[in-house]
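Contents: one structure, followed by commentary.
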Amino acid sequence: MHTAAMEHSNVENVGAISFDLDDTLIRYERSPGELLRVCFSHLDLEPIFSVEEYYGRYDEFAETCDSMAELRSECFATLAAENGYERQLGKDVAAVFDDERDQSNVTLLPSAARLLDELAREYRLAIGL
């Protein structure tokens, strides 16, 4: 049987609520695809892999890498090699990507603002960066 009291008792057991920022609470003004175009242009390269290839391999590298810089470096190097280019070229793309990614150039999603307002009525909130 599902009751409001049961819902309330489950909520009382919540110790923490965690959010992934990207496209959950915020949206970067420049997408990864836009940034990759900038990277390839900066290095005078035709695209050596697509943003879809990056997205398709992201989780694989997220499991083994300790930082976003390491994830991109390893992922981009692997994608470059798989597409017939030197691994170092992928690492160079990752370095430019890291330089170009502006962590402050983001927009809070409207639905996120409403959600955080609702949660703040009942819970103390903190967002770590």
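Position in the sequence shown (from 1) plus 3 gives the number in this note's numbering.
Quick reminder that beta carbons are idealized off the backbone N, C-alpha and C, glycines included.
Just so we're clear, the structure is a prediction, and the values are computed from it rather than from any experiment.
Between serine 53 and phenylalanine 22, the alpha-carbon positions lie close to 27 Å from each other. Inter-residue distance for glycine 18 and glutamine 91 is about 44 Å (C-alpha atoms, whole angstroms). When the beta-carbon positions are compared, leucine 28 and glutamate 56 stay at least 8 Å from each other. In the same chain as arginine 104, and ignoring 5 residues on each side of it, the C-beta atoms closer than 7 Å to its own belong to Leu38, in chain order.
For arginine 90, there is no enclosing beta strand (DSSP E); the residue is found in the alpha helix (DSSP H) stretching over 90-103.
Counting C-beta pairs with one atom in each stretch, the segment 111-118 and the segment 39-50 have fewer than three that are closer than 8 Å, which means they do not touch.
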